[in-house]
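Residue numbers (mature numbering (1 follows the signal peptide of the UniProt record, and there is no 0)): -17 to -1, 1 to 552.
Data block below; observations after.
Following this line, the structure appears as structure tokens:
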């Protein structure tokens, strides 16, 4: 008997550490997915592959993410079950102030907050690459960044999706010669098939590959970035870049219908808002709501988004009642005001606060053959960010400063009101909705996330509901979507939902259902059924992404991951 317990423990640990034996990559662009698979084939792990995918997206998806932006990385290391959240969100420059986007009369100057270098926070993307490679990856950055460097140097052909998003920002891109020279053709949206080459960006990526963090945040690249920003009216300094660092944070953990949901902590609101909403849904027959699902889900969203605006911000600047917001007791209190026969007016729930953010973000999901996994959501905010490229760098800067509350207490451009918790301050990170997520059941594991601004959280939540119903991964990414964010007090839904029987029932209950006018979101997800070891992946049919599952080209390199710096839980 004394040998049996250690043997059972060994068998349990071995089962936990066992992987699917195949690799899976799902991302918003086929070239990026192929870059990740290429790195996996070279013996890299999921963390190496995620860097390769993100770097490739920085080249071929300039409208969604890039070296001038940032993002969040949710990591799971299979060998010791270690999980962490890498916060590479942009930070406000040192000279930033709470009123920097207000004129002398206190009116918010929207153009100053959205377009040009004045709208850009200090990027976190390059620091994230270095951090993941040095602490969790197996391969050098010279290897993992090679596919992106090639894409930048040799070019890629644009598609109709690129043309559509470039059309939204053509006027702004034309304001800045370096951006127009790269992303437009003779001042117009390029024709389909036009090849975009980015020699300067290839040099920046090479500098990061050769010199690590110093290749971007110090030296020639840093000087070019700062000089370009300042000449364009921005407020960056060399110290702002030199002082940037990523932060590892503890993921949020909530539970729903037997699943452990691991997600994004502040400065993302995603994990808390989704966990809060799912806890509220669980008060109704433990989440099994049948025909009432849309009504109860919307009422849960309404309350959770209200709490988002009231309480959440950068945890390094704001004290937040996280434990309370994720508690069952609090969910019970919030659920008590929900009735099954009518909608709750948002105005009846208290102070009218809300937030909004840009919708053009990107997501990638990676699972390697050993079971290491990554969900990463990356952004530069609006399509093509600020529209500004620092001369000589090829780096398109974000406009994430607009994710702060430019004037707490007053409506922003979307008619929504922000809170003091998300006010601008030097070095502060703006609140986000990006929600990279793992959903862990006894017999299966889900990896998912999506772009979509304030609708990200509700989209991921709907995906989690599909996963909880044991639906295939294609159903998570393809399902028709609806959303409520407290204010405006309306259900925002895809056109296909608006005419449905569910929408009619919602309207009979007093909900205002409005069409978004188009489909939204671009989810990329992976499902690993650990009981049968079946691995599937899917990319959102609304986008141009690619999800691929395939066996490794060769045996992975021996793992020494547990000995890397920062590996202790």
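Note that the Cβ used here is the ideal one computed from N, Cα and C, for glycine as well.
Looking at the backbone, the Cα of residue 204 and that of residue 120 are separated by about 25 Å. The count of Cβ pairs closer than 8 Å, one atom from the segment 321 to 331 and one from the segment 5 to 25, stays below three, leaving the stretches out of contact. Straight-line measurement puts the Cα of residue 212 at about 11 Å from the Cα of residue 221. Per DSSP, the continuous alpha helix (DSSP H) segment holding residue 95 begins and ends at 93 to 97. Contact between residue 409 and residue 129 fails: their C-beta atoms lie close to 37 Å from each other, not under 8 Å. Non-local beta-carbon contacts of residue 460 in its own chain, meaning distances under 6 Å to residues more than five positions away in sequence, involve 506, 508, 521, 523 in chain order. With a threshold of 16 other beta carbon atoms within 10 Å, residue 137 falls short and is exposed.
A check of alpha carbon separations from residue 259 across 275, 250, 290 identifies 290 as the nearest.
If you look at residue 266, you'll find it isn't in any beta strand (DSSP E); DSSP assigns it neither H nor E.
Remark: fewer than three beta-carbon pairs, one from each stretch, lie closer than 8 Å, so the segment 219 to 239 and the segment 90 to 99 are not flagged as touching. Secondary structure at residue 325: strand, using DSSP grouped into helix, strand and coil. About 7 Å separates the beta carbons of residue 46 and residue 145, which is inside the 8 Å limit, making them a contact pair.
Around the beta carbon of residue 195, a 10 Å sphere encloses 16 or more other beta carbons of the protein chains shown; the residue is thus reported as buried. Counting C-beta atoms within 10 angstroms of its own C-beta, residue 470 has 16 or more neighbours from the protein chains shown and is therefore classed as buried.
Between the segment 62 to 80 and the segment 13 to 28 there are fewer than three C-beta pairs closer than 8 Å, too few to call the two in contact. With respect to residue 255, residue 208 sits apart: the two C-beta atoms are not nearer than 9 Å. Going by DSSP, residue 16 is part of the alpha helix (DSSP H) stretching over 13 to 24. Excluding sequence positions up to five before and after residue 101, its CB lies within less than 6 Å of the CB of 95, 216, 217, all in the same chain and listed in chain order. Residue 118 has its alpha-carbon roughly 25 Å from the corresponding atom of residue 534. The Cβ-Cβ distance between residue 53 and residue 383 falls below 9 Å. One thing to note: residue 277 has its Cβ within 9 Å of the Cβ of residue 465. Counting the other CB atoms within 10 Å of its CB gives residue 475 a total of 16 or more, which places it among the buried residues. Distance from the CA atom of residue 28 to the CA atom of residue 530, rounded to whole angstroms, is 17 Å.
By the neighbour-count criterion, in which 16 or more other beta carbons inside 10 Å mark a residue as buried, residue 249 falls on the buried side. In the DSSP assignment, residue 136 falls outside any beta strand (DSSP E) and within the unbroken alpha helix (DSSP H) covering 129 to 137.
Residue environment for residue 426: exposed (fewer than 16 other C-beta atoms within 10 angstroms of its C-beta).
Following the DSSP letters along the chain, one finds residue 443 inside the alpha helix (DSSP H) bounded by residues 439 to 451.
Put simply, of 242, 111, 31 the residue whose alpha carbon is nearest the alpha carbon of residue 361 is 111. When only Cα atoms are considered, residue 406 and residue 515 end up about 49 Å apart. If you draw a straight line from the Cα of residue 487 to the Cα of residue 281, it is about 14 Å long. Here residue 366 is buried: its Cβ has 16 or more other Cβ atoms, across all protein chains shown, within 10 Å. Across the structure, residue 432 and residue 182 are spaced so that their CA atoms are roughly 31 Å apart.
The segment 198 to 234 is shown to contain whole beta strand (DSSP E) runs of 3 or more residues at 230 to 232, in chain order. Residue 264 is not a Cβ neighbour of residue 244, given a cutoff of 9 Å.
Rounded to whole angstroms, residue 371 and residue 150 show a C-alpha spacing of 16 Å.
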